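Residue numbers (full-length UniProt numbering): 1 to 548.
Below, the structure written as structure tokens:
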């Protein structure tokens, strides 16, 4: 027989496939144009003037330029120079501006460099290392965070596994004798475990000397193209000549997690010029560092929301960031002036945090209220269209809308605190507000929630516990008997008319030749295995609850 059951889907589903495909193509083209305009996507091209690999051990890779006009011609590419130890050079890893920034940031705090005592694990002065240096806290400011993120992308090691950046300065005659970066004691491996890799970034060019040399490296290290430019010290092994912006990555451990003795390395004495470099040591595990915020007595999550709302309330977000960057180094000193500033900042933050709590509660309540109202309205409409129930749809929609609105609020706060560009932040906030008022964001959450509710009540049929059999039962009597179930008509699908819908339980489209069960009165259709188990326990339609 020809089955043309009544459809309970929205009328929008009846639109032709050609119209839908055309609309999708138009939207896809529009989105691609937008992504190309903002530079998120790029058209691949071959540049004949790109740098070539020096030998078979070299890899050329084009990367995104982050520098300004001065660095626009400096292409970034990675060159593997050794397998024992594993070492590679990332050319033009840093821009000139970043190199100068790190030098200027470190200059006021330079001290004589020390080495680690193998017996005690403590830092000590040594003639082995004659340079000067200082440490910059991890995540100290935007520039350092960008560099650390770039290091993480280069090494595939999380940012949290890295120590703070160390900036070093070598004057004429200063050097660092060959040494290992990994530790031989247990004291220095308590936090983060062993050092697994090192990224050495060159912040300046050196006219002569200052090479990084690996005396225990294996292979034909004299084949490097800069061999004739090396000093006598540099010709004592595999050497890398300092070049502003380049980054040298070498691994202190082999792939089987054993220490690599071929990673022995040193810094040759500077013969002419000055050498500035920055070192990032990477650990096997997360390397914990102290927080450098005056809100040290608040948990990280609360600190994010509280400090953000305080900045929003006092309209001084940028000023606070500059103050933190300027005062971070001297904040933990024990001078009377520093202690007075700490007490003042702590008191100010405590008062501000109290105000932030109040504003956080008000904003959260407002967003939750708007989300609840819009979610309830949208859920009720969807529930009515699918005949799942007006009240049930409104309840599910209200809960989903409230939860999602709070998530939007927190996401907006985090975006405000981030370092995104002003126009990007503004466009995002406008989109969030417009989507929230139109209900689009809420509807995206309501649909899956309602589907989950229907599937959960159908899944209750599979429960093996007798006390749970009536958890969703709204009928007056118990389920249907076998004879009553057999009297419900079965329909055989004989054509592919658009009127043919899918099973409301498994959501699979009916296929030609399938036998389905059509419930009387409401005419909802289901696969036999999907509906029969339900009807044996409940004498009602699982969608409209109409009693059979």
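Note that beta-carbon positions come from the ideal geometry of N, C-alpha and C, so glycine has one too. These numbers were taken from a predicted model, which means no experiment stands behind them.
Between which two residues does the beta strand (DSSP E) harbouring residue 529 extend?
-> Counting along the chain, residue 529 falls outside any beta strand (DSSP E), though it belongs to the alpha helix (DSSP H) covering 528-537.
Give the DSSP-derived three-state secondary structure of residue 371 in the structure shown.
-> helix
Close beta carbons around residue 266, own chain, < 8 angstroms, minus the five adjacent residues each side | 175, 176, 177, 178, 179, 212, 213, 215
Minimum C-alpha distance to residue 287 - residue among 396, 240, 165 | Comparing Cα-Cα distances from residue 287 to each of 396, 240, 165, the minimum goes to 165.
Less than 8 angstroms separating the beta-carbons of residue 245 and residue 105?
-> no
Under the DSSP definition of a beta bridge, which residues are partnered with residue 267?
-> 176, 212
Should residue 233 go down as buried or exposed, given a rule of 16 or more other Cβ atoms within 10 Å for buried?
-> buried
Buried or exposed (CB count within 10 angstroms, at least 16 for buried), residue 482 | exposed
Tell me where the beta strand (DSSP E) around residue 135 begins and ends.
-> Residue 135: member of the beta strand (DSSP E) spanning 132-136, first to last residue.
Which residues bound the beta strand (DSSP E) around residue 492?
-> 490-492
Between the beta-carbon of residue 524 and the beta-carbon of residue 506, is there less than 8 angstroms?
-> No.
Taking buried to mean at least 16 other C-beta atoms within 10 Å of its own C-beta, is residue 554 buried or exposed?
-> No answer is possible for residue 554: it lies beyond the span of the chain, which begins at 1 and ends at 548.
Compare the C-alpha of residue 538 against each of 509, 146, 517, 480 and name the closest.
-> 480
Does DSSP classify residue 476 as helix, strand or coil?
-> Legend: pLDDT at residue 476 = 44, less than 50; position of this residue unreliable, no value from coordinates given.
Under the three-state reduction of DSSP, which class applies to residue 524: helix, strand or coil?
-> It is coil, neither helix nor strand.
Flag residue 280 as yes if its beta-carbon sits less than 8 angstroms from any beta-carbon of chain C, otherwise no.
-> Judged by its chain identifiers, the structure shown contains no chain C, having just a single protein chain.
Answer yes if the segment 151-163 comes into contact with the segment 217-232, meaning at least three C-beta pairs across the two stretches below 8 angstroms, and no otherwise.
-> no
For residue 249, three-class secondary structure by DSSP | If DSSP states are grouped into helix, strand and coil, residue 249 belongs with the strands.
Using the C-alpha atoms, what's the distance from residue 350 back to residue 364?
-> 21 angstroms
Cβ-Cβ distance between residue 635 and residue 209 below 8 angstroms | Lying before the first or after the last residue shown, residue 635 is absent from the chain, which here runs from 1 to 548.
Outcome for residue 463 when other beta-carbon atoms lying within 10 angstroms are tallied against a minimum of 16 = Caution is warranted here: a pLDDT of 47 is assigned to residue 463, below 50, making its placement in the model unreliable, and the coordinate value is therefore given only provisionally. Exposed, by the Cβ-count rule.
What are the residues that DSSP puts in a beta bridge with residue 166?
-> 135, 279
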